[in-house]
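Chains A and B are the protein sequences, given in the same order. Here our numbering is used: the first residue of the first sequence is 509, the next is one more, and so on. Here our numbering is used: the first residue of the second sequence is 509, the next is one more, and so on. We put the beta carbon where it would ideally sit given N, CA and C, even for glycine. Nothing here was measured: the structure is a model prediction, and the numbers come from that model.
Number of protein chains: 2
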Amino acid sequence: MTSPRDTAPPATEDLGLVDALAQLSFLVQNALAEIAGEYDLSITQTRLLGILRDREPTMNQLGHHLGLDKSSITGLVDRAQRRGLVARTPSTVDRRSFQVSITDAGRQLAQQVAVRFAERIEKCVEPLPEADRKRLSRMATRIVTADAHDRGVDLRTDPR
Amino acid sequence: MTSPRDTAPPATEDLGLVDALAQLSFLVQNALAEIAGEYDLSITQTRLLGILRDREPTMNQLGHHLGLDKSSITGLVDRAQRRGLVARTPSTVDRRSFQVSITDAGRQLAQQVAVRFAERIEKCVEPLPEADRKRLSRMATRIVTADAHDRGVDLRTDPR
DNA sequence: TAGTTTGATTGGTGTCGCGTACTAAAACCT
DNA sequence: AGGTTTTAGTACGCGACACCAATCAAACTA
């Protein structure tokens, strides 16, 4: 009733690839942060849980996965462990080292966040016709895997 | 010579829209963080400068733009001002309020980051054929503007 | 076995974001 | 006008997060 803006997005100019991707990345990250926040998780914590869903890495490997300093990992895992989301198991091979694993509680929490996040993203993507969504998915996959590829490694479940 | 991975990305499965977008968002954010970091800027600082490139908002408006609490803005601007990237000018209309503006140094810095960031993203996107890049740009724009649209506002230069 | 490297922790620094409390100026009443 | 209420911004304290440098014990190596 107020104005034409009730329904149609105002047929905006193309933002240009770089800006559009930048803004999109903020959109996605904000969505993630918001949803994770509802469960008192930071983005990093959420990533942590996400990684642990199908891996049981050492602290060191974790640092590698997350691109963080070892010292950052200690605190990160500490806090998660304090909340019972994660556990440290002494390695049987190397007495200095631990394997970090996700607990049931952690897994459950991660699952909830994942579901809500997926719903949210799906909703954001609704303005695109199905065919475009497919394309978008393929393109994003392409970019991401190419990047992973030429910065060295994996993406798969457990590299070594 | 080592393996087929020298050239071709391993023709990965589609990650699915949600995961692909999530990973893409991390890719973009990490790129931004890395580049900004080279100039001792955080992502938030960079966003701040970016906003100030074509605006001269009050603290309050700034908080709105960034989605941050006022109290966060004080510190943010403090630090930026301390580095001479930003200036506070007392408002002529409201004696409680300031207009925050970018300095030449700040603008220059922002520009450098923007350029390097653009180069970086362009590079990431190279694996896509030109036609796809166009499409991607349009789709991302579409999503972002639709989102901005239905969470209320702008995207334009200076709403009020 | 002595010396080096490695896995993880500790302590210190700085950014960031929040919530609360506070001051001063503006806006709002009657 | 005079009193009350909002509003703009700051101050302070807290915790998360990330880094670096230093440390320590365990593991490896010469």
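Relative to the C-alpha of residue i, which candidate in the options has its C-alpha closest?
i: residue 629/B; options: 527/A, 522/A, 622/A, 521/A; result: 527/A
i: residue 650/A; options: 648/B, 634/B, 651/B; result: 634/B
i: residue 563/A; options: 589/A, 594/A, 586/A; result: 594/A
i: residue 657/A; options: 659/B, 632/B, 638/B; result: 632/B
i: residue 588/A; options: 600/A, 578/A, 616/A, 556/A; result: 556/A
i: residue 596/A; options: 573/A, 625/A, 560/A; result: 560/A
i: residue 617/A; options: 598/A, 545/A, 525/A; result: 545/A
i: residue 558/A; options: 599/A, 625/A, 580/A; result: 625/A
i: residue 636/B; options: 580/A, 637/A, 655/A, 636/A; result: 655/A
Cβ atoms of residue j and residue i: under 9 Å apart, would you say?
i: residue 614/A; j: residue 592/A; result: yes
i: residue 532/A; j: residue 536/B; result: yes
i: residue 619/B; j: residue 566/B; result: no
i: residue 540/A; j: residue 530/B; result: yes
i: residue 523/A; j: residue 639/B; result: no
i: residue 621/A; j: residue 543/A; result: yes
i: residue 568/A; j: residue 605/A; result: yes
i: residue 603/B; j: residue 525/A; result: no
i: residue 552/B; j: residue 574/B; result: yes
i: residue 643/B; j: residue 659/A; result: no
Taking buried to mean at least 16 other C-beta atoms within 10 Å of its own C-beta, is residue i buried or exposed?
i: residue 548/A; result: exposed
i: residue 645/B; result: buried
i: residue 601/A; result: exposed
i: residue 554/B; result: buried
i: residue 586/A; result: exposed
i: residue 612/A; result: exposed
i: residue 521/A; result: exposed
i: residue 598/A; result: exposed
Under 8 Å between beta-carbons, which chain A residues line up against residue i? List them in chain order, please.
i: residue 641/B; result: 525
i: residue 530/B; result: 536, 540, 625, 629
What in chain A is Cβ-close to residue i, meaning under 7 Å?
i: residue 647/B; result: 636, 640, 644
i: residue 655/B; result: 535, 632
i: residue 522/B; result: 645, 646, 649
Just to make sure I have the definition right: I need the residues of chain B whose C-beta is within less than 9 Å of the C-beta of residue i. Which are they?
i: residue 559/A; result: Simply none; closest approach about 12 Å.
For a contact defined as C-beta to C-beta under 7 Å, what are the partners of residue i on chain B?
i: residue 650/A; result: 635, 636
* **Members of the segment 539-554 of chain A near chain B, C-beta cut-off 8 Å** => 540
* Name the residues in the segment 612-630 of chain A whose C-beta lies less than 8 Å from a C-beta of chain B; which are they? -> 625, 626, 629, 630
* Asked: Given a limit of 8 Å on CB to CB distance, which residues of the segment 569-586 of chain B reach chain A?
  -> 575
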